[in-house]
Each structure stands twice: as structure tokens, then as C-alpha cells.
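**Q**
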Amino acid sequence: MAHVRELPALSNRKDKPYEPIGQLVERHTVGVERNITGLTALRDDVADAGVTQGAWIGGYPIVESMARQEIR
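Position in the sequence shown (from 1) plus 12 gives the number in my numbering.
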């Protein structure tokens with residue numbers, strides 16, 4: 013959401029207002045793609061561990077996998 017708050021300030025600029033907006037969009041896109049990658053890896057780990065919705069996960073490899081994941 014911090015990115016959204018930057019947009020009004022950028023829209024008031026008269027000098028190359030679209031360059032910073034493009035950079036902002038690119039940074040946001042990179043962050044979204046990083047999150048998708050992390051969540052996809054986590055989903056795959058859950059599937060590999062055989063964990064189903066509502067299952068107790070104590071002692072399953074998924075716990076260790078989740079500890080290794082860095083999801084932002």
C-alpha cells in the first residue's frame with residue numbers, strides 16, 4: 013500500500029512524471045512475482061507432504077519447509 017501512496021506525489025510532477033511511475037510499477041511487479049514464487053513453493057511442499065486442509069501438521073516436513081520459506 014505504500015506504493016499507492018507514492019502515486020499522487022508522482023502525478024504532480026511536471027518533469028518526466030511517467031518514469032518514476034514505471035519504476036514503481038516494476039518494483040511492485042517484482043515483489044508480486046517473488047510472493048507468487050514463494051507461495052507456489054509452499055503449495056508444492058504442502059502437496060509433497062500430503063497435508064490436506066484441516067490436517068494436523070505437527071511433525072510433518074511441511075513445518076520445516078515453512079520455516080525455510082521467506083514469504084514477504
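Where is the CB? At the ideal position from N, CA and C, for every residue including glycine.
Taking 6 Å as the cut-off, does the CB of T41 come closer than this to any heavy atom belonging to the ligand MG?
**A** For the structure depicted, the ligand MG is absent and the ligand set is empty, with no information on it obtainable.
**Q** Between the alpha carbons of V58 and T49, how many angstroms are there, rounded?
**A** Taking the straight line from one Cα to the other gives about 14 Å.
**Q** I'd like the ranges of any alpha helix (DSSP H) spanning at least 4 consecutive residues and lying wholly in the stretch 31-59.
**A** Complete alpha helix (DSSP H) runs here, min 4: none at all.
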